[in-house]
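See structure below.
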Amino acid sequence: TRKNIRNGCELFLAQVTKKGSKEKRLKDVPVIRDFPEVFPDELPGLPPPRQVEFCIDLIPGAAPVARIVLLHPK
26 TRKNIRNGCE LFLAQVTKKG SKEKRLKDVP VIRDFPEVFP DELPGLPPPR QVEFCIDLIP
86 GAAPVARIVL LHPK
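Okay, here's the thing in structure tokens:
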């Protein structure tokens, strides 16, 4: 190419790239692609109601627990 430039030739440079879609699909995620049996295409629906509902009883007017975090440099 240097020889061509010295001889006065015109040179052109073209760069071709493949433009992928910006839309993300589940199949593009490696973990989902590796374990398809865990991630079905169609979800069966909501889970059935359970006999025991999980809840945390709150005390009205109670202040949140605040702890001081001390960082020690090594």
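26 is the number of the first residue of the sequence shown in this note's numbering; add one for each residue after it. Backbone N, C-alpha and C define an ideal beta-carbon position, used for all residues, glycine too. As the structure is a computational prediction, the values presented were derived from the model and not from experiment.
Test item: CB-CB of residue i and residue j under 8 Å
{"i": "L36", "j": "I30", "result": "yes"}
{"i": "R58", "j": "K49", "result": "no"}
Q. Which runs of the alpha helix (DSSP H) spanning at least 4 residues fall entirely within the region 30-75, listed in chain order?
A. 55-59
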